[in-house]
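Here's the structure, in structure tokens; my notes come after.
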Amino acid sequence: MSIINQLKKTFRPLKNRLYALPLYLQRYANNEVILNGARLKKVKIKIRGSENRVYIHSSQVLENSEISLNCCNSVIYLQGWYANNLIIRVMDDGSNVTIGNKTTINGAELWVTEGMDITIGQDCMFAKNIELRTGDNHAIFQHGKRVNHGGSISIGHHIWIGANAKIMKGVLIPSGSVIGNSSLVTRSLEEENAIYAGVPAKLIKSDICWYRDKKYRL
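Quick note, the numbering used here runs 678 ahead of the 1-based positions in the sequence shown.
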């Protein structure tokens, strides 16, 4: 490792503490932002509310991204690997976002409402322009009863989501899955290690496996 890289690694925690300082100086009540020396570039963190917690693991690289909380008692925990053009918007109290270790994201919007959660497992791979929503953000009633309640989203481990895919409220995607480009997932999927695609997404192939490393293309 060069001397310059060593200096960058040494001073990164100090840089992140200075980066977080304005968050503490503003009138945010009892919020906590822990950056742990993570590599941040062109990242905005906005908090309006109290008792929120943002935790970014030291292994996380985060670029050109925005984290916004307009709520109370919510937690964002990023333990991924690399994320670019990631937008996280938490809009209601008691919501949580977790992104697991070794997960990469090249462009995604996470909209978290109605006190629901978005959980993304380990070693997932997100392409660009992906959208996850835990609710419709506006209520629809029929005969005096609401018909569009929100639901948490759970993404298992080692899942590949293709570009322009949309994952809607209440969905569970089992580990080892591949979600095809431009697919719309509106209900939970059952079979692990399978390919799902279409609008709405349906089972295409079973008993598959996929690898990041390009050597497996040969």
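Note that CB positions come from ideal geometry on N, CA and C, so glycine has one too.
Backbone CA spacing between I777 and N714 [nearest angstrom]: 16 Å
Best match in Y894, R890, E809 for proximity to L862 [C-alpha to C-alpha]: E809
C-alpha distance - E729 paired with V775, whole-angstrom precision: 15 Å
Residues near A716 in its chain [Cβ-Cβ closer than 6 Å; skip 5 each side]: I734, S736, Q738
Rounded straight-line distance, which links the Cα of E710 to that of H835: 28 Å
A786 to I766 span [Cα, whole Å]: 8 Å
Check whether G828 and M794 have beta carbons under 8 Å apart: yes
Limits of the unbroken beta strand (DSSP E) element including D885: Neither: D885 is in no beta strand (DSSP E) and is coded neither H nor E.
Simplified DSSP state of I734, which is helix, strand or coil: strand
Run of the beta strand (DSSP E) containing D795, from where it starts to where it stops: 795 to 798
Contact between the segment 798 to 807 and the segment 815 to 829 (3+ Cβ pairs under 8 Å): No, the segment 798 to 807 does not touch the segment 815 to 829.
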